Amino acid sequence: EQIKEVFNKVYDFQKTHTFPLARLIGTGLASYDCDKWAKHRRIINPAFHLEKIKNMVPAFHQSCSEVVGEWDKLVSEKGLSCEVDVWPGLVSMTADVI
2 EQIKEVFNKV YDFQKTHTFP LARLIGTGLA SYDCDKWAKH RRIINPAFHL EKIKNMVPAF
62 HQSCSEVVGE WDKLVSEKGL SCEVDVWPGL VSMTADVI
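Quick note, the sequence shown lines up with residues 2 to 99 if you use the numbering used here.
Set out below in structure tokens:
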């Protein structure tokens, strides 16, 4: 509920202008402020309608299952007490979802 408030009250919550990941991920909705944010949010909002998200759940599930399967395989190969770099899996999952 609080996250929803932050995303919906764009003029009440100012974003920092020093966003360390901006060079890697570029600018976009997450880094825009005020009117620019509101304009772009209106443009992309239909893509996030509940019915459209519901239709994407099988793809999300498939992607997550594949990544978790890879992690399970790594853990079984290395033993139960091991360190797993999850970043590549998260990047892959994000690319699949987009």
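A virtual CB, placed ideally from N, CA and C, is assigned to each residue, including glycine. As the structure is a computational prediction, the values presented were derived from the model and not from experiment.
In this chain, the alpha helix (DSSP H) harbouring Lys-79 covers 51–79. Taking the Cα positions, Val-85 is about 10 Å away from Asp-73. Collapsing the DSSP output to three states places Glu-2 in coil. Between Gly-90 and Val-68 the beta-carbon gap is near 4 Å, inside 8 Å, which marks them as a contact. Shown here, Val-87 sits in coil according to DSSP, grouped into three states, outside any helix or strand.
Look at Ile-99 here: in three-state DSSP terms it is coil, with no helix or strand label.
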